[in-house]
Every structure is written in C-alpha cells, then in structure tokens.
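Q:
Residue numbers (the working numbering), protein chains in the order written: chain Y, 1 to 102; chain H, 1001 to 1102; chain E, 2001 to 2130; chain B, 3001 to 3130; chain S, 4001 to 4129; chain C, 5001 to 5129.
Structure below.
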C-alpha cells in the first residue's frame, strides 16, 4: 500500500485532519492517534469528513489512546478499524512510507 | 473596556481565532500576535471572519510580528489597527482583564 | 500599573518567551511595575544556564537574567514543572539526590502558589504560550 | 524490518515521547530492528537525567534508558538542538565552557546527519511530535 | 510548598480557569487542575469553564492506564472538597462532539455559548493554558 | 559535525521535506531547513514541498530583526548551491492566503492540490516537522 498518514490532533483544535485528507487518495491510509482519536467516535461534527475519506482510503484509530480518553465503550464510525500498538507497527510495515502530519 | 483577548495562532492552522470570536462581544478587543498576525492582512480566506467581528469588537495586530513575516508593506484589513509593543502594553492597561486563547 | 507575566513554553521552539520578553521590556520602559514572571509547563526550560545558542542568535536565558538583574525582576520557575523537566537548583539537587544543578542567575524555583499570588496581587496577568 | 524513529517534543508536555516509546516497544516485541531513535527540536529534553517526576507517574527518561540498555538502542540527541536547549554531555561541557552536564545514560549527542542517515538506512522512518 | 498555604493578603479576586484542550495529548489539562487545587488554599473565588475540546477533560470512563499515564480525571470529583463548586460547560461544545451531560463525571452547570462572555466579564483573572 | 559529511553508504533515496507551518512563531521552519542543508552532504535526491502555512516560509520581505530573530529566509535562495532545486508550492495554499508567486523569494514549481499525492508517492522518505 502507498502512504500511512498519521494524524495526532483533534479536528476541533487544528485543521490537520482535513489538510491531510484533501491530499491523499487511492492506496493511502490514515491512522488517528493521540488527541485525533476522538474523531473516530460516532456522532461528532467531523464524522462526515472521515466517512467521505473512507471511500478511497482506509482509516484506523489507536485504541489505547481512545481508551485513555474514555471512549473504549462508545461506538466508532463504521469504516474506522481500531488497532493496538502492535497493529500500528504492522501498518508501518505494510505501507511504503509514513507521513506524520504535524 | 472589557477583555483584551490575545490570539497567537494562524487561523489556517488552528481554530483558536474563530473559537475566540464567537465568545466575545461589546467592549472586548482582540490583539493578533505571533503567527496570528497574518490574518490581519487583506485578501486571506479568513478576512470575513475578522470583518464580521469588527462590528462589535476592536481589532489590533502586533506590527513587529507582521514585519517579521514579511507583511510590513501589505495593506491590512480596514478595521485592524497596528500597534507596537508599547501599544500592546497600553491595551493591557486599558482593559479590565487579559485572556490569552492558547 | 502592577503587571505579572506567565510563560508556558521553553526557549527557541515557540515564540512565547520572546514575545513575553519584548512585552516586559516595553512595560518597564513605560514605567509599569512587573511584579513577577512565572514560568510554568515547558516554560521552566527558559531557566537553564546550560544553553549555547548560535553566536549570531539571541541568547534567551541571558537576556532574561540581565533584565532581572537590571530591574530586580522576580523570575520564578514552578517547582513541579521543574521536577518533570530537569530544572534543578542547589536545594532541589539535594532534596532529589541529583548530581548537578543547572539553574541560571536571576531565576528561583518555587511553588505554583506564586502564580496564584501573582494573579491576586497584580492588576493584570498576561499569559504567553503555544 | 529496519525501523527508525524521530521524536520532536520533550517529556510530559506532549504525548509524542510516550507514543514513540509504546511504538518502539511494540516494534521490538514483533521482532523488528529499531536502528535509531533520533531526538530533535524540544525532543532533546527527553535526554536529561535531572528529572524527578512524581513517584506515581511514569519516568520517561529512565524508561528510554532502560529500553536502550536492554535492546542496544541508539538514542541520539541532535547537537544543535541540545545547544539551544541546554542538554550537555562531557564533551559539550568542555567545548562550550559549561560547568555541568546533564545527559542521561544510554543517550549520545551527535549531528543532524544521523537523522538523514537513519532516513537512508531504515526501511521506514516514523515521526512523533506536536 | 508550605509557604503557599499561608497567604495572608486578604484580598479576594474572582479567578476563571478556562479549559479548552483534550486531556493526555498535552499536559495542560493536568497542570490547569493542579493550579486550581493550589489556588484553593488562597481562599479566592474560583470558577472553571470547559469549552471546545476542554469538555473532554470531564469525560467519564477515562482509562489512561492504557498508555501508562496517571488517571487524574477522578480529581475533578474531589474539587468540591476544595470549595471549587462552580464548573461551567458550554452546551454547543458538548453537542458538536456528540456528548451530553450524562457523559460527564461530575455535576456541572451547562451554559449556552452566548453566556460565556458574561461569565468572563464577572471575573478578575482569566487563566487559560 | 565532520563525520556527517563522510557518508559512504552509496544508497540514494528520495527525500521529501513537507513544510506546513509559518516561520518564526515556532522553530520548525528553521530546523527543517537545517536538516535539508545537512542532508545535502549525503547526496540524496531532495525535494521540498510547501503547503498550508508553509508557503509563508518563502514570503519576500521577512524582517524578523523586528523581534530580534535571525533572518534565515535568505537561505532558501542558497539552496541551489546545495543541489536542492526542486521546490514545490501548492497553488491552493497560496490562493487561500491571498498570495501569488510574485510574493515568493525564490523560483518554485507551483502545483495543484490534487498533484500533491503523486509527488508524495514518488518519494521514499517524508519528513514533516
């Protein structure tokens, strides 16, 4: 697969998520970590942004960071897959390069 | 005057400016410093946000920070007044409190 | 007027400490009193004497120390933030069994209460951060 | 696979160093090689041995030092970033006429070229920052 | 620091702590809370306002043990013992995030966005990290 | 660091430096540039991409002497001497900010937002601070 894009900030705080999503496409993936994990939860104002992106990119969320913020039990957006740190490592290995959007 | 609100981040990077503007009103002022200064320049996508806010709040921009970023000669939005650090100090003195939106 | 300043970021990475320095200099020039500059969070990193910035760049720590010396400024580093980040004076060195200290002239380490006190006693508190 | 990691923020203020630590631990557990962890910008602040975090909290520096010891990790602090922020080893102490050093076990100070080299030699470079 | 607890200034000011960031990703939420707790010893009039991502600081079920962080969220429940009883949360901030009062771990007063200015205007000192 | 300049690995990779932040407010623009300059000694294939607020790094007339900062913006003009000749700027990022190519202090290749992915895909290593 092409690029693993990592986003770590809440879309309510910074525009990083939308700035990342508009430059990626077929074969790219997005991994939400740290404060960005809350955007994977169902029902936020940015849900559509991710649903739209899921049409061509795979979306992942780092479960331990979501759990830290109190969302282990809340339903996630359908196309988002939860991974742990081992899964994070696998994603890095499977993609050709990693791009951290800081 | 009521509150001097300080914003220091670009509206293209963080949502701080809009988050500040929607909670202030009559008697409040906004001082743009550091990376936020570029929003005072004419012609950016966030010009209307500031023009709207100027209907009830006074807007200031820290000139040395604007100059650092190469905008000393570019026209500013009409309602925005440029101040130097001495002017920044005066604004702090003239308002009842200071609120830095970090 | 009596002013106090809060700085939440370290030197060089963010403009916060620079902006605060320019603000304090202008406030003093205008005849105001700056009763305290409180360094919190990564802001405590401004207080190490071990930096060696490039010679053609500003020396943020020395600039603060010189200003403190000239104007008898009270530069306070938050003790809890110092402990998390490795800012140490002689007292902290002994208390925490460390083998070195790194605090610069003109800075002192004290409690967060000094920030609250500054908020009470100053007419205005101005915060600089990220 | 051969991995390299870049950390751009100091301990405690941002999650970057924590995330990187968990990632490196998981990578090692999965049998990958981590050929270098490079600390740049405020990231160099992870390498001071003078921190004393609260006893019920994680000790970020010691955790890195222990991991380096166990897995022969190469933890490199960028020299230019160290000079701006006050991270000093014995060599830097002498070169810059400082009176103390504060670098922790398992870290070394070297040039930015070590980051570029990591980019060349590793199969993947993963960055953690603010 | 014992000296902090002996403030005899007598002056009482109204302090507003404005919390706008998520917990854990940065240290600000924790260090804001520590300031509030220390400040309680000064017998000032303290309010806390949670807007924007700050509302996540009060989310139930936080389990930062998953990333080896201390779980300080329970401390918000102890604020009452420090006479910090005025916790304000902005309704619009909750709604945008798909959250409701039931998701919060303490009792709060929910206010509208347009009431925030009046709250700020009532205070002497505003601290926002 | 002399040892940096003696890299004998022989391998050539394509490095893309992605710049997305304003200069001066944070140190990232300066330290990204320093990495590019050091990296030049390794004879790699280097490109720089300026998107979002990163386009401000190339703004003419920067005068950070006003805040006692070093003016490193002239260094972008020296990149050619280091064989760093591929500077890409995104058109949409310029437009949103009311800027045009004439505002920039170096010659660049202006590309459309939808071309960014292809550029990234051509590179082996992406560095973004």
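Built from N, CA and C at the ideal position, the CB exists for glycine as well. Remember, it's a predicted structure, so these values are computed and weren't measured experimentally.
Could you check the C-alpha separation between residue 5051 of chain C and residue 1071 of chain H for me, to the nearest Å?
A: For this step, residue 5051 of chain C is matched to residue 51 along the sixth chain. For this step, residue 1071 of chain H is matched to residue 71 along the second chain. Using only the alpha carbons, I get a separation of about 19 angstroms.
Q: What three-state label does DSSP hand residue 5015 of chain C in the structure shown?
A: Here residue 5015 of chain C refers to the residue found at position 15 when the sixth chain is read from its first residue. Residue state, collapsed to three classes: strand.
Q: Cβ closer than 7 angstroms: which chain B residues qualify as neighbours of residue 2050 of chain E?
A: Within the third chain, numbered from 1, the residue matching residue 2050 of chain E stands at position 50. Here the neighbours are 3086, 3088, 3098, 3100 and 3102.
Q: Report the neighbours of residue 4044 of chain S on chain E: residues whose CB is nearer than 9 angstroms to its CB, in chain order.
A: Residue mapping note: residue 4044 of chain S aligns to position 44 of the fifth chain, counting from 1. Those within 9 angstroms of residue 4044 of chain S in chain E are 2116, 2119 and 2120.
Q: When the Cβ atoms of the segment 3104-3119 of chain B are set against those of the segment 5107-5119 of chain C, are three or more pairs found closer than 8 angstroms?
A: Too few Cβ pairs lie closer than 8 angstroms, so no.
Q: Do you know how far the Cα of residue 2128 of chain E is from the Cα of residue 1039 of chain H?
A: Taking the first residue of the second chain as 1, we reach residue 1039 of chain H at position 39. Taking the first residue of the third chain as 1, we reach residue 2128 of chain E at position 128. Cα-Cα distance, rounded: 19 angstroms.
Q: List, from N- to C-terminal side, the beta strand (DSSP E) runs of 3 residues or more that fit wholly inside the segment 5044-5128 of chain C.
A: Within the segment 5044-5128 of chain C, the complete beta strand (DSSP E) runs of at least 3 residues are 5045-5050, 5086-5090, 5109-5111 and 5125-5128.
Q: Could you tell me which chain Y residues have their CB closer than 7 angstroms to the CB of residue 4098 of chain S, listed as they occur along the chain?
A: As a working mapping, residue 4098 of chain S is identified with position 98 in the fifth chain. In chain order: 41, 42, 43 and 44.
Q: Does residue 5117 of chain C have its Cβ less than 8 angstroms from a Cβ in chain Y?
A: Counting from one through the sixth chain, the residue named residue 5117 of chain C turns up at place 117. For residue 5117 of chain C, the answer is yes, since a Cβ of chain Y falls inside 8 angstroms of its Cβ.
Q: Do you know how far the Cα of residue 3117 of chain B is from the Cα of residue 2017 of chain E?
A: As a position in the third chain, residue 2017 of chain E is number 17, starting the count at 1. As a position in the fourth chain, residue 3117 of chain B is number 117, starting the count at 1. If you take the alpha carbons of residue 2017 of chain E and residue 3117 of chain B, they lie about 33 angstroms apart.
Q: Is residue 2104 of chain E near residue 2055 of chain E, with beta carbons less than 8 angstroms apart?
A: In the third chain, residue 2104 of chain E corresponds to position 104, counting from 1. In the third chain, residue 2055 of chain E corresponds to position 55, counting from 1. In this structure, residue 2055 of chain E does not lie closer than 8 angstroms to residue 2104 of chain E by Cβ.
Q: Could you round the C-beta distance between residue 2120 of chain E and residue 4034 of chain S to whole angstroms and report it? I think they count as a contact, below 8 angstroms.
A: What you label residue 2120 of chain E is simply residue 120 of the third chain in a count that begins at 1. What you label residue 4034 of chain S is simply residue 34 of the fifth chain in a count that begins at 1. Not confirmed; about 17 angstroms, so no contact.
Q: Taking C-beta pairs closer than 7 angstroms, name the residues in chain S that residue 64 of chain Y reaches, listed in chain order.
A: What you label residue 64 of chain Y is simply residue 64 of the first chain in a count that begins at 1. Per Cβ cutoff of 7 angstroms: 4066 and 4067.
Q: With 8 angstroms as the threshold, decide whether the Cβ of residue 57 of chain Y is near any Cβ in chain C.
A: Start at 1 with the first residue of the first chain, and residue 57 of chain Y comes out as number 57. Closer than 8 angstroms: no.
Q: Can a CB atom of chain S be found closer than 8 angstroms to the CB of residue 12 of chain Y?
A: Within the first chain, residue 12 of chain Y is the residue found at index 12, counting from 1. With 8 angstroms as the cut-off, residue 12 of chain Y counts as an interface residue toward chain S.
Q: Have a look at H:1022, H:1017, H:1009 and H:1013 and flag the residue whose alpha-carbon is nearest the alpha-carbon of residue 4090 of chain S.
A: Position 90 of the fifth chain holds residue 4090 of chain S. When only C-alpha atoms are compared, the closest one is H:1022.
Q: Note down the Cα distance separating residue 5042 of chain C from residue 5084 of chain C, rounded to an integer number of angstroms.
A: What you label residue 5042 of chain C is simply residue 42 of the sixth chain in a count that begins at 1. What you label residue 5084 of chain C is simply residue 84 of the sixth chain in a count that begins at 1. For residue 5042 of chain C and residue 5084 of chain C, the distance between alpha carbons rounds to 12 angstroms.
Q: Could you say if the segment 4090-4102 of chain S and the segment 26-44 of chain Y meet the contact criterion of at least three C-beta pairs nearer than 8 angstroms?
A: The segment 4090-4102 of chain S is in contact with the segment 26-44 of chain Y.
Q: Got a sec: which bits of the segment 2051-2062 of chain E sit with their beta carbon under 9 angstroms from any beta carbon on chain C, in order along the chain?
A: Residues passing the 9 angstroms Cβ filter: 2054, 2056, 2057 and 2058.
Q: Beta-carbon of residue 100 of chain Y versus every beta-carbon of chain C: anything under 8 angstroms?
A: To locate residue 100 of chain Y, count along the first chain from 1; it is residue 100. It does; some Cβ of chain C falls within 8 angstroms.
Q: Compute the Euclidean distance between the alpha carbons of residue 2094 of chain E and residue 2101 of chain E, then round it to the nearest angstrom.
A: Counting from 1 along the third chain, the entry for residue 2094 of chain E is found at position 94. Counting from 1 along the third chain, the entry for residue 2101 of chain E is found at position 101. C-alpha separation (whole angstroms): 10 angstroms.
Q: Inspect the beta-carbon positions of residue 35 of chain Y and residue 9 of chain Y and report whether they are closer than 8 angstroms.
A: One-based indexing of the first chain puts residue 35 of chain Y at position 35. One-based indexing of the first chain puts residue 9 of chain Y at position 9. Yes; because the gap between Cβ atoms is below 8 angstroms, this pair is in contact.
Q: Against chain C, does residue 1069 of chain H count as a neighbour if the rule is that its beta carbon must be under 8 angstroms from one of theirs?
A: Numbered from 1 along the second chain, position 69 holds the residue referred to as residue 1069 of chain H. Interface residue, yes.
Q: For chain H, find out if any of its Cβ atoms is closer than 8 angstroms to the Cβ of residue 4005 of chain S; answer yes or no.
A: Translated into positions along the fifth chain, residue 4005 of chain S becomes position 5. Interpretation of residue 4005 of chain S is limited by its pLDDT of 49, a score under 50 that renders its predicted location unreliable; no figure is taken from the coordinates.
Q: Excluding the 5 residues flanking residue 3048 of chain B on each side, which residues of the same chain have their C-beta closer than 8 angstroms to its C-beta?
A: Locating residue 3048 of chain B in the fourth chain gives position 48, where the first residue counts as 1. The residues are 3061, 3087, 3102, 3103 and 3104.
Q: For residue 5122 of chain C, count neighbouring C-beta atoms within 10 Å of its own C-beta (all shown protein chains included) and say buried if the count is 16 or more, exposed if not.
A: Stepping through the sixth chain from its first residue, residue 5122 of chain C is reached at position 122. That one is exposed.
Q: Determine, using beta carbons only, whether residue 23 of chain Y comes closer than 8 angstroms to chain H.
A: For the purposes of this step, residue 23 of chain Y is taken as residue 23 along the first chain, with counting starting at 1. Chain H contact via Cβ: absent.
Q: For the segment 1072-1091 of chain H, list every residue whose C-beta sits within 7 angstroms of some C-beta in chain C, in sequence order.
A: Hits within the stretch, in order: 1072 and 1073.
Q: If the cut is a Cβ gap below 8 angstroms, which residues of chain B does residue 5128 of chain C touch?
A: Position 128 of the sixth chain, counting from 1, holds the residue named residue 5128 of chain C. Those are 3127, listed as they occur along chain B.
Q: To be precise: take each residue of the segment 2031-2044 of chain E, compare its Cβ to all Cβ atoms of chain S, and keep it if any distance is under 8 angstroms. Which residues remain?
A: Cβ contacts with chain S: 2040 and 2041.
Q: Relative to the C-alpha of residue 3085 of chain B, which candidate in E:2002, E:2022 and E:2009 has its C-alpha closest?
A: By 1-based counting over the fourth chain, the position of residue 3085 of chain B is 85. Here the closest residue by C-alpha is E:2009.
Q: Given a cut-off of 8 angstroms, decide if residue 3083 of chain B and residue 2051 of chain E are closer than it, judged by their beta-carbon atoms.
A: Position 51 of the third chain, counting from 1, holds the residue named residue 2051 of chain E. Position 83 of the fourth chain, counting from 1, holds the residue named residue 3083 of chain B. Yes, Cβ-Cβ distance for residue 2051 of chain E and residue 3083 of chain B is below 8 angstroms.
Q: Could you give the first and the last residue of the continuous alpha helix (DSSP H) run that contains residue 3023 of chain B?
A: Stepping through the fourth chain from its first residue, residue 3023 of chain B is reached at position 23. Residue 3023 of chain B -> alpha helix (DSSP H) spans 3016-3029.
Q: Quick test of your reading: residue 3041 of chain B and residue 3081 of chain B, contact by CB under 8 angstroms. State the CB separation rounded to the nearest angstrom.
A: Locating residue 3041 of chain B in the fourth chain gives position 41, where the first residue counts as 1. Locating residue 3081 of chain B in the fourth chain gives position 81, where the first residue counts as 1. Sure, about 6 angstroms apart at Cβ, within 8 angstroms.
Q: Could you name the residues of chain H that residue 4019 of chain S contacts, counting a contact when the two beta carbons are closer than 7 angstroms?
A: In the fifth chain, residue 4019 of chain S corresponds to position 19, counting from 1. Near residue 4019 of chain S there are no residues of chain H at all, since even the closest Cβ is about 11 angstroms away, more than 7 angstroms.
Q: If you measure between the beta carbons of residue 1063 of chain H and residue 1083 of chain H, is that distance less than 8 angstroms?
A: Taking the second chain and counting its residues from 1, the one referred to as residue 1063 of chain H is at position 63. Taking the second chain and counting its residues from 1, the one referred to as residue 1083 of chain H is at position 83. Closer than 8 angstroms, so yes.
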